[in-house]
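*Asks:* Below: one structure in structure tokens.
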Amino acid sequence: MTNSLENYKQAFANSRNRRSPAEPAELVRTREEALNRFLAVGFPTTRDEEWRFTSVAPIAGHAFTLAEAAANAGHRDVAPLRLPGVFGAELVFVDGRFALALSSIDELPRGVRLGSLADDAGSHANGTESHLARVAPFDRRAFVALNTALFTDGAYIQIPAHTVMEKPIHVLFVSSGETDGRRAAMSHPRVLAVLGDDSQAAIVESYAGPEGALYFTNVVTEIVLGENAVLDHYKLQHESTEAYHVGAMFLKAARSAHCASHSISLGGSIVRNDVVAVLDGEGGECTLNGLYLADGHRLIDNHTTIDHAMPHCGSREIYKGILADRARGVFNGKIIVRPDAQKTDAKQTNRALLLSEDAQVNSKPELEIFANDVKCTHGAAIGQLDEDAVFYLRSRGLSLAEARHMLIHAFAGDVLNRMPLEAIRNGVEAVLRRQLARALAVAA
Amino acid sequence: MLKVRNLHARVAGREILRGIDLSMNHGEVHAIMGPNGSGKSTLARVLSGHPEYEVTEGEVLFEGENLLEMEPEERARAGVFMAFQYPVEIPGVNNAYFLKAALNTMRKHRGEEELDAMEFMTLVRDRMKQLDMDEALLSRPVNEGFSGGEKKRNEIFQMAVLEPKLGVLDETDSGLDIDALRVVAHGVNTMRNADRSFLVVTHYQRLLNYIVPDVVHVLTDGRIIRSGGKELALELEDKGYGWLEEPVGTSEA
């Protein structure tokens, strides 16, 4: 393990010269702190309650190197969502580095700014530095600390107050899967989105790499919503099934802000998604939905936290998993209701569909309620395909495979149908269909 | 069209059918009557290929083909339709979507062109009207939240769309009020023709006032103990099943 930490110390030293020399002094200090924090705590182990069911030993055991592939047009081809005309802006990153030539930005509403954090870090003009690395705390999160120390690029999106971004924004992180000959590559991209008061936007993050490639993506997303802001957020994780993906999203919502985040996890060998939403003003609303699919020996772990800090906030959460072969799923849903957060209305549902005897899921709701006038419900269910339903569909002429597909899609549809953007929903559905066909073909 | 010979079947290790013999011609309606636990529904489920029922002896030929060797979907594609006694609810699967997939699978199997959305809707609207069904049911998940009567009607509706050669109705009349019963019977009668046959499993004679059978079979204890014309049903209504269980000798049809 010590060797592996040494590797990250080295990576930090190397990453220095990739950073903008004009980086604000405070960010430089934060990075040093983050590195020291990471070196002090190291990678989490299964003795850590937050990582009880997810061993990251395979990640810790690899000496990953910071990737440096030059972007080329081929990199776009692994994108899971190719929806011409749908996005108002597409920011493409290859191995965590902004690829201007692959990106496209339509005419933006007045005041909307988006682009590469590396270009932006030096300029103090637009105020991202007041949020960058401040929304995502890293003292108890080793991977966030690692990202904070090492990120050299990523996307920033700034929507000014009273501005509506009509078309969704797509941020695509492609891993090239290239190695330096000996060592697999890693990238630590960062996303920062700041929505002003009364603004509205839809943001799609996708992650992809060539199938079969081994690499490590460790992303941190920070989102700040002003009063009454409305955000529709999607994360489509479609990494290579050999890759490691660790992602953490931190969201802070001011008074009456509305946020819906949809997490779709289809790829990855070991995947961990953390979502932390803090409802920090009265009347805020947050929806966290998730759908994951794993087959083979893959593991997908979703940890969510919804922190109700103020009164009259609502949250809705539905996570569903489909697990085949010997795959494992983990769901941990924490709901915190602070003493001030009276009239909180929170609802959490977690379901898993096991398609084989050997698949398994560990599901745990965690309710920490410190207010007395609240409504909090949670439910979890783990089950197999309903054999009676399979028979019913077959008795109408559908094959066993068609019947199974139809029922699995119905299970997933519960999450997909809650995605408000039809183009994204259809795009995701198509990707899911492909992945599912692959998983079931292997299983059969 | 359908020939059942010495059919024995069991479920959960218990023998329910103990040698059924039955022969149906094209265009005929046969009714299977009998007291509770006689094996009526088991017979229907065995014909549909339900995996919980194990055939231990005998054979079933449908249009000359060995039905028992076919998977449930192959039976459906060959033209056997089962209207279930307790249709299952399938959350998340849209009724119209499901039925269109089923119909097009059948059509493909028969070498016919698949219907597009417009053609499908035209067909479906016509059949729904026949069965006095609310079109809103189309956009709901299959059977989910349907009343008992709506579920039964939905079964007959599916049959009307899929147009099988043999319709097996498993206690479709149970739990229906008289209006719904008339509608369901009308749906079946509309489909009757010289080629299509129906096997109507029922506990009550009432249904047979509306779907008039050519042959009535009485099933007790896993065997057909009496077969006759439609008047047999009336006699049963009058005298009860006990009358037949008296030692009058087992009659072979």
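These protein sequence lines map, in sequence, to chains A and F.
The number in my numbering is simply the position in the first sequence, starting from 1, with 5 added.
The number in my numbering is simply the position in the second sequence, starting from 1, with 723 added.
No residue lacks a Cβ here, since even glycine has one placed at the ideal position from N, Cα and C.
1. Using a C-beta cutoff of 8 Å, does F:V816 count as contacting chain A?
2. Do F:A930 and F:A908 have their C-beta atoms closer together than 8 Å?
3. Closer than 8 Å between beta carbons: that is the criterion. Which residues of the segment 879–895 of chain F meet it against chain A?
4. Leaving out five residues on either side along the sequence, give the residues of the same chain with a beta carbon under 6 Å from the beta carbon of A:V199.
5. Does A:A449 have its Cβ less than 8 Å from a Cβ in chain F?
6. From A:G127 to A:G120, what does the alpha carbon distance come to, in whole angstroms?
7. Which same chain residues, not among the five before or five after F:R733, have their C-beta less than 7 Å away from its C-beta?
8. Does the beta-carbon of A:L1 have 16 or more other beta-carbons within 10 angstroms, so that it is buried, or is it exposed?
9. Would A:F221 pass as an interface residue toward chain F - the criterion being a Cβ-Cβ separation below 8 Å?
10. Strictly below 8 Å CB to CB, what residues from chain F border A:A415?
11. Would you check if the segment 804–811 of chain F and the segment 889–900 of chain F touch, i.e. whether three or more CB-CB distances between them fall below 8 Å?
12. Express the C-alpha separation of A:V196 and A:P165 in angstroms, rounding to a whole number.
13. State buried or exposed for A:G93, treating a residue as buried only when at least 16 other CB atoms are found within 10 Å of its CB.
14. List the residues of chain F that A:L403 touches, going by C-beta distances under 9 Å, in chain order.
15. Should A:R399 be flagged as near chain F, meaning a C-beta pair shorter than 8 Å?
16. What is the rounded straight-line gap between the Cα of A:S5 and the Cα of A:G402?
17. Which same chain residues end up closer than 8 Å to A:V366 when comparing Cβ atoms and leaving out the 5 residues on each side of it in sequence?
18. Helix or strand or just coil, what does DSSP make of A:V117?
19. For a cutoff of 8 Å on Cβ pairs, would you count F:H909 as touching chain A?
20. Could you check whether the Cβ of A:M424 sits closer than 8 Å to any Cβ belonging to chain F?
21. Leaving aside the five residues before and after A:R146 along the sequence, list all residues of the same chain whose C-beta is less than 7 Å from its C-beta, in chain order.
22. Output, in chain order, the set of chain A residues within a Cβ distance shorter than 8 Å of F:M805.
23. Please specify which runs of the alpha helix (DSSP H), each continuous and at least 4 residues long, are wholly inside the segment 83–114 of chain A, giving them in chain order.
24. Using a threshold of 8 Å, state whether the C-beta atoms of A:L271 and A:V436 are closer than that.
25. In chain A, which residues lie less than 7 Å from F:S771 when you measure between Cβ atoms?
26. Since F:N817 sits in a beta bridge, which residues does DSSP pair it with?
27. I believe A:V224 touches A:F255 by the beta-carbon criterion, under 8 Å. Please report the beta-carbon distance rounded to the nearest angstrom.
28. Name, going along the chain, the residues of the segment 383–394 of chain A whose beta-carbon falls closer than 7 Å to a beta-carbon of chain F.
29. Distance check for A:S361 and F:L942, CA to CA, integer angstroms please.
30. Measuring only the C-alpha atoms, how far is A:A346 from A:G289?
31. Tell me, please, whether the segment 138–155 of chain A touches the segment 107–117 of chain A by the rule of three or more beta-carbon pairs shorter than 8 Å.
32. Can you grab the Cα-Cα spacing for the pair A:V176 / A:V379, in whole Å?
33. Quick test of your reading: A:G286 and A:A259, contact by CB under 8 Å. State the CB separation rounded to the nearest angstrom.
34. Strictly under 8 Å for the Cβ-Cβ distance: is A:G295 near chain F by that measure?
35. Hey, quick one: how far does the beta strand (DSSP E) through F:S950 stretch, first residue to last?
*Replies:* If we stick to the structure as given:
1. With a threshold of 8 Å between beta carbons, F:V816 makes contact with chain A.
2. For the record, residue 930 of chain F in the displayed sequence is Leu; it is not Ala. In this structure, F:A908 lies closer than 8 Å to F:L930 by Cβ.
3. Those residues of the segment 879–895 of chain F that come within reach of chain A (Cβ to Cβ, closer than 8 Å) are Q881, L885.
4. Here the set comprises H136, Q163, V229.
5. At A:A449 the pLDDT is 49, less than 50, meaning the model places this residue with poor confidence; the figure from the coordinates comes in the next sentence. Against chain F, the CB of A:A449 has no partner CB under 8 Å away; the residue lies outside that interface.
6. Residue placement at A:G127 is flagged as unreliable, the pLDDT there being 49, under the threshold of 50; a coordinate-derived value is accordingly withheld.
7. Exclusion of the five residues before and after F:R733 leaves I739, E777, T779 as the residues of its chain whose Cβ lies within less than 7 Å of its Cβ.
8. Missing from the structure shown is residue 1 of chain A; chain A here goes from 6 to 449 and no further.
9. Cβ-Cβ to chain F under 8 Å: no for A:F221.
10. Within chain F, the residues I813, P814, G815, V816, P864 have their CB atoms less than 8 Å from the CB of A:A415, given in chain order.
11. The segment 889–900 of chain F is in contact with the segment 804–811 of chain F.
12. One C-alpha to the other measures close to 17 Å.
13. A:G93 should be labelled buried.
14. Scanning chain F for C-beta atoms nearer than 9 Å to the C-beta of A:L403 yields E796, A799, F821, A824, A825, T828, reported in chain order.
15. Yes, A:R399 lies at the interface with chain F (some Cβ there is under 8 Å from its Cβ).
16. Any question about residue 5 of chain A goes unanswered here, given that chain A covers just 6 to 449.
17. When the five nearest sequence neighbours on each side are left out, the beta carbons in the same chain lying within less than 8 Å of the beta carbon of A:V366 are those of G326, L328, R333, G334, V335, F336, A357, L359, I387, in order along the chain.
18. If DSSP states are grouped into helix, strand and coil, A:V117 belongs with coil.
19. With 8 Å as the cut-off, F:H909 does not count as an interface residue toward chain A.
20. Taking 8 Å as the CB threshold, A:M424 stays off the interface with chain F.
21. Result list for A:R146: A253, in chain order.
22. Taking a Cβ-Cβ cut-off of 8 Å, the neighbours of F:M805 in chain A comprise S400, given in sequence order.
23. Runs of the alpha helix (DSSP H) inside the segment 83–114 of chain A: none found.
24. With a cutoff of 8 Å on beta-carbon distance, A:L271 and A:V436 are scored as near each other.
25. Neighbours of F:S771 in chain A, taken as residues at a C-beta separation under 7 Å, are given in chain order as S400.
26. DSSP links F:N817 through a beta bridge to F:P864.
27. Their Cβ separation, rounded to whole angstroms, is 12 Å, which puts A:V224 and A:F255 out of contact at 8 Å.
28. If you check each beta-carbon in the segment 383–394 of chain A against every beta-carbon of chain F, the ones closer than 7 Å belong to D393, A394.
29. Their backbone Cα atoms lie some 41 Å apart in a straight line.
30. The straight-line gap from Cα to Cα measures roughly 11 Å.
31. Below 8 Å, too few C-beta pairs join the segment 138–155 of chain A and the segment 107–117 of chain A to call them touching: fewer than three.
32. Roughly 37 Å between the two C-alpha positions.
33. About 4 Å separates the CB atoms of A:G286 and A:A259; that is less than 8 Å, so the two are in contact.
34. No, A:G295 does not count as interfacial toward chain F.
35. Membership of F:S950 in the beta strand (DSSP E) is indicated by the continuous run 946–951.
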